[in-house]
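Peer 1: Residue numbers (our numbering): 3 to 169.
Listed below in structure tokens is the structure:
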């Protein structure tokens, strides 16, 4: 029992520097292809042809490759040059209990912006990243889906489960 307490204390001490600064993480197990089709399902869709914006509400699910995004509301901004009905998407903005799942990792937050051209996702508001039994909490997550590199910033707290620890 003393060893278990000492080991947990060790991991908490190692995690302490992360409380004040950003923490680098990996997110996703495979390469992301921003050119794959984007599938969106929801309870309601409102499209404004003049602005090139589509708003999906109610149990929204966005799928692209192995990435899954869940939210209460998702706004899709089309690229200006897609007026020829080619359907080019510029950004996906998600609001309300946003969850992104990619491979074995998941991230939760209040809002997220996914820019397809760069493969970047920025999630804000009580962010929680789970990687197996490990958890990283913070104010903001920035992750590049193309290489899986990410950073959690602002009030960062990490919780690591040592190998063999009971859950």
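Even glycine gets a Cβ: it sits at the ideal position worked out from N, Cα and C. Owing to the predicted nature of the structure, the values given are computational and were not obtained by experimental measurement.
#1: Classify residue 99 as buried or exposed, calling it buried when 16 or more other Cβ atoms lie within 10 Å of its own Cβ.
#2: Would residue 147 be called buried (16 or more neighbouring beta carbons within 10 Å of its own) or exposed?
#3: Does the beta-carbon of residue 56 have 16 or more other beta-carbons within 10 angstroms, so that it is buried, or is it exposed?
#4: Under the three-state reduction of DSSP, which class applies to residue 155: helix, strand or coil?
#5: Here's the rule I'm using: 16 or more other beta-carbon atoms within 10 Å means buried, otherwise exposed. How should residue 140 be labelled?
#6: How long is the line joining the alpha carbons of residue 79 and residue 66, rounded to whole angstroms?
#7: Give the DSSP bridge partners of residue 140, in chain order.
Peer 2: Working from what's here:
#1: exposed
#2: buried
#3: buried
#4: strand
#5: buried
#6: Going from the Cα of residue 79 to the Cα of residue 66 covers about 16 Å.
#7: 129
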